[in-house]
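See structure below.
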Ligand SMILES: CC(C)(COP(=O)(O)OP(=O)(O)OC[C@H]1O[C@@H](n2cnc3c(N)ncnc32)[C@H](O)[C@@H]1OP(=O)(O)O)[C@@H](O)C(=O)NCCC(=O)NCCS
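In the working numbering, the protein residues as written are 23 to 232.
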């Protein structure tokens with residue numbers, strides 16, 4: 023049993039302890055194993071986290087329970103910053119993927135950089151995806167999944183942005199059918215289309231702020 027009132031929500035800004043970086047790297051690799059980030063070395067993941075917590079456009083949110091990080095999420099106020107903010111890391115990530123022969127991942131990155139990946143969307147949704155908040159990564163430690171922690175986390179993130187009035191929609195993307203069910207059934211999102219990816223397209227979901 024988890025005591026929800028003891029869960030602490032925070033936005034990490036500026037600095038992060040090495041022990042927290044290690045814990046986040048563990049969560050990324052374990053729970054978001056399909057992501058490009060999860061396939062990188064620990065040093066690259068640490069550098070990535072440093073960029074996020076220093077950025078004006080990206081945010082790192084965490085949930086702690088008994089002082090341990092049990093969930094994290096990364097958002098970008100517009101998806102373009104997920105590329106532009108990592109200028110210095112791009113080459114490192116590119117070569118690590120090349121050395122590992124991750125050709126499909128490199129092609130998918132090219133689709134994204136060249137904006138080819140949004141061709142399956144109608145004009146209205148294309149603008150929506152480009153101009154609104156992107157929930158890039160989210161994970162709850164498997165020990166705590168299916169206990170309402172993920173929906174509580176999304177609720178806190180929604181409240182954070184609702185207060186700022188910076189965005190009308192929150193957009194997220196996933197391949198995972200269980201995650202789609204989570205967003206649709208527990209978090210009030212709806213499916214709006216697909217992003218072109220090899221070998222399987224990504225599902226795009228939106229949440230509209232009232
Ligand atoms: C998706 C996720 C954040 C949901 O967090 P959670 O704490 O399990 O969420 P809640 O307890 O509020 O809701 C549970 C629902 O989420 C879905 N879910 C549960 N485990 C899941 C998993 N491993 N992966 C995806 N969805 C899951 C199910 O629909 C579940 O409903 P159920 O408990 O009635 O079966 C979490 O399961 C997770 O970290 N999954 C792995 C990473 C991931 O898929 N991230 C999303 C894409 S970036």
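Idealized CB from N, CA, C, for every residue including glycine.
Asked: Three-state class that DSSP yields for residue 76 in the structure shown; Found: helix
Asked: Pair within 8 Å by beta-carbon distance, residue 227 and residue 211; Found: yes
Asked: Own chain residues within Cβ distance below 8 Å of residue 164, not counting five before or after; Found: 52 and 53
Asked: Candidates 133, 91 and 230: closest to residue 180 by CA position; Found: 230
Asked: Whole-angstrom C-beta distance between residue 73 and residue 108, which should lie under 8 Å; Found: 6 Å
Asked: Cβ separation of residue 85 and residue 171, assumed to be a contact under 8 Å, to the nearest whole Å; Found: 7 Å
Asked: Beta-carbon spacing of residue 70, residue 103 below 8 Å; Found: no
Asked: Inter-residue spacing [alpha-carbon to alpha-carbon] between residue 271 and residue 174; Found: Here the chain comprises residues numbered 23 to 232, so residue 271 is not present and cannot be evaluated.
Asked: Span separating the alpha-carbon of residue 68 from that of residue 40; Found: 9 Å
Asked: Check: residue 26 C-beta below 7 Å from any heavy atom of ligand 1; Found: no
Asked: Any non-hydrogen atom of ligand 1 closer than 7 Å to residue 319 Cβ; Found: It is not possible to answer for residue 319, since the shown part of the chain is limited to 23 through 232.
Asked: Cβ pair residue 9, residue 31 closer than 8 Å; Found: Summary: the structure shown does not reach residue 9, with the chain confined to residues 23 through 232, and so no result is reported for it.
Asked: Check: residue 204 C-beta below 7 Å from any heavy atom of ligand 1; Found: yes
Asked: Helix, strand or coil at residue 216 [DSSP, three-state]; Found: strand
Asked: Cβ neighbour criterion (16 or more within 10 Å) applied to residue 233; Found: The question about residue 233 has no answer, for the chain in this structure spans 23 to 232.
Asked: When 50, 59, 77 and 28 are compared against residue 37, the one with the closest alpha-carbon; Found: 77
Asked: Pick from 90, 127, 196 and 98 that is closest to residue 156, judged by C-alpha positions; Found: 98
Asked: Reduced DSSP secondary structure (H/G/I, E/B, other) of residue 164; Found: helix
Asked: Rounded straight-line distance, which links the Cα of residue 82 to that of residue 121; Found: 29 Å
Asked: Heavy atom of ligand 1 within 7 Å of residue 77 beta-carbon; Found: no
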